[in-house]
Every structure is written in C-alpha cells, then in structure tokens.
Amino acid sequence: MLSKSKSTRNSKVSKNANMPIIPIDLLPDIFQHFENDRQAIYNCVFVNRAFCRTAIRILWQDPFEVNTPRKSTWPYANYRAAENIISLYLACLSYQDRKTLSKIKNLKIPQRPTFNYPQFLKYFDEQSVYIYIRSGQFYNNKLGEVTEAYSIHSAIMNLTLRESQRLHYITFECSYIFEKAPCKLTSLRHIQFNTRSSGVDMPKRQAENVANLIRHQIHLESFTTSSLTAGLSTLFDALAIQIRTLKQLEFVLCDFSHFDWAEHEQLLESIDKLVLKRCTNVPLSMVENLSIFKEKQITWDAYTFSRKHI
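Residues 0 to 309 in numbering that gives the first Met the number 0 are what the sequence shown lists, from first letter to last.
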C-alpha cells in the first residue's frame, strides 16, 4: 500500500517536472504582447508570484489616466477608482510626508503595501493627479479644502520624482515642483510643459527648472511646450545637449520675439519634426531654410505666419 502510494506521488511529480517552465526574465516580453488587455493582465496577478510581479508592473504603469474626457464637467465619473489609486500612492509615502499629511482631518493613510507602486510608473500627467485627488474628495465628501488637495498633490509629486525612475512620459504645468524634492528622473523620452496662464512671461527661474530636467535625460526624443513668452533660449540650450536622440519639437502659443534662430540652427536641422501652432514672431525665412531638408516635417498654421507677425 505504501509502495503504491509512493509510486503515485512520483508519477505526479514526474508529470509536473515535464511541464515547460517560462524563464522569469522573459515574462515582461511575453506580457507586452497583450498589455492592452487589462482583464487578461489582471488575471495573471493570481497565477503565481512571478506572474503577479510582472502583471502589477504593467497595470500600474499608467494609473492616472483620465477615463472621462477632460471636456466633461465636474465631478468625474469613476470616484471609487480615483480614491483607491490615490490611497495606494499615499501608502507609499515616506515617514516625513505621512507626518505632514496627518494634519489633514479625516484623511486616512493606509499601511505600506506589498509593492512600491510609483516605481512602475511610465506615464505621468501632473494635472491628472490633481483630478484624481479632487475626484476622491468629491466621492467621500470628507475633504473639501483646495489647500488640502494641493498638500496631497505635492506629496505625490515628491514621491514620483523620487521613486519613478522608469518614467518615460511626463506632462506638467508648474516647474517649481522640481525644486521641492530631489529629482531622480533620467529616463524620460517625452516632456510636455504647459504654463498655467498664457500671455504671462516665464520667469527665468522656472525656465531653468525645466532646462535642468532636460539636461539630466539620457534618451529624450520629444519636447512640447505652450504659452511661453520668455525663457525659450534657455530651453533650447538644454535641448541642444539632447541633439543625438531628440527627434521632435512642438511649440504652441509661444512668442519668439527675443529668440535668435540662427544660434540654434544646428539643433533645428538635426530634428525630424518641428511643429509651430499659433506662435508669434517666427521669421518665415527660418522655415524656408529648414524646408531645404526634404526629409524634415515642418508643421505650422496660418496664424503663425500671418502678415502681422512676419
């Protein structure tokens, strides 16, 4: 009887031993083929530890995507999801940030989770984070003060700059966030900076903050900015450092009145695509010179080269 039982166990072990084992290093490459199928990725969380780690990394690479179009009116639809995401990020905060936010009445910060979720972040929109925070507040009806929302927003921004070293895409509206915490971001591929008010001069300090972020990247491919009336030369000097990898520049509602195009001609000739939308004081001769390079894509609108601004 014992012999038979032992034989049966050995048979089961033998069958399991013949099952193919997927090397853990290959899992990310395999998962990327169906990473858009969130339900399939979610199901992988419950297979085993290796599958769970790989699935979580994909599921949390873009948690702050806004499912409801921004043109919709407040409040946003998915309050519960917004609050859960913000809560998990708050759980990853440092002791000092937790202590600071503990002063906010009715705000509960969960215990530290199994994963450090900000490490998985690849896509980040500063404004989306604020939308998620406010959505959560509208849902639970506990937090209503704008100052409280900004405190939470600031803590999450600091956490992101410190922990999200896999970040590839970032969109932000205020460069001062880079002064409040050490920025360890070096893997950005795409940077988009939008000033909050158009027609207002960009302070030199703010321009330098963005330029400093650009300088620290090792593989920057595109840069987009809008509503700048000053500081463009500072940004172009920093972008010139990225000339080896930079492929696209886009400017919207920018004033080039004090900008020396000739000084940055080498950078402009090296990129593949230049987009100018509703910009002012752009010399038509500059675009004509760049158009000599047939492989270059140059896009502009009628406003940019209206007779008033040539």
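All C-beta atoms, glycine included, are put in the ideal place defined by N, C-alpha and C. No experiment lies behind these values; they were computed from the predicted model shown.
**OP:** Any chance you could list the beta strand (DSSP E) runs of at least 3 consecutive residues sitting entirely within the region 188–252, in chain order?
**Re:** 189–193, 221–225, 247–251
Subject >> Of the residues LEU212, VAL286, SER284, LEU89, the one placed nearest ILE132, counting alpha carbons only >> reply: LEU89
**OP:** Assuming LEU266 contacts ILE297 (C-beta within less than 8 Å), just tell me the rounded distance between them.
**Re:** The pair is not a contact, with the Cβ atoms about 14 Å apart (cut-off 8 Å).
**OP:** Starting from THR170, follow the beta strand (DSSP E) in both directions and report where the run begins and ends.
**Re:** 168–171
Subject >> Distance, ASN211 Cα to ASP271 Cα >> reply: Spanning the two alpha carbons is a distance of roughly 23 Å.
Original post:
For LYS107, does the three-state DSSP call read helix, strand or coil?
Top reply: Coil.
Original post:
Buried or exposed: which applies to ALA154, given that a residue is buried once 16 or more other Cβ atoms fall within 10 Å of its Cβ?
Top reply: buried
Subject >> DSSP-derived helix/strand/coil call for ASP254 >> reply: strand
Original post:
Residues bridged to GLN296 by DSSP?
Top reply: LYS272
Subject >> Three-way DSSP call (helix, strand, coil) for THR185 in this model >> reply: DSSP places THR185 outside both helix and strand once states are collapsed to three, so it counts as coil.
Original post:
According to DSSP, is TYR122 helix, strand or coil?
Top reply: strand
Original post:
Does DSSP classify THR279 as helix, strand or coil?
Top reply: strand
Original post:
Could you give the residue range of the alpha helix (DSSP H) that holds LEU100?
Top reply: 94–100
**OP:** Indicate whether PRO62 and ILE29 have their beta-carbon atoms separated by less than 8 Å.
**Re:** no
**OP:** Could you tell me which of LEU87, PHE119, SER226, GLU220 sits nearest to GLN60, measuring between CA atoms?
**Re:** The shortest C-alpha separation from GLN60 is found at PHE119.
Original post:
With a CB to CB cut of under 8 Å and the five nearest residues on each side skipped, what residues in its chain are close to ARG111?
Top reply: ALA90, CYS91
Original post:
Within 10 angstroms of its Cβ, does PHE33 collect 16 or more other Cβ (buried), or is it exposed?
Top reply: exposed
Original post:
To the nearest angstrom, how far is it from the Cα of LEU275 to the Cα of ILE40?
Top reply: 39 Å
Original post:
If you count every other CB in all the chains shown that lies within 10 Å of the CB of VAL46, and 16 or more means buried, which is it?
Top reply: exposed
Original post:
Relative to the C-alpha of SER150, which residue among CYS182, ILE176, SER186, ARG56 is closest?
Top reply: ILE176
**OP:** For LEU245, count neighbouring Cβ atoms within 10 angstroms of its own Cβ and tell me buried if that reaches 16, exposed if not.
**Re:** buried
Subject >> C-alpha gap between ASP200 and VAL128, whole angstroms >> reply: Confidence is the limiting factor: at ASP200 the pLDDT is only 49, short of 50, which leaves the residue's position unreliable and the question unanswerable from this model.
Original post:
Mind checking ASP300: buried by the 16 CB within 10 Å criterion, or exposed?
Top reply: exposed
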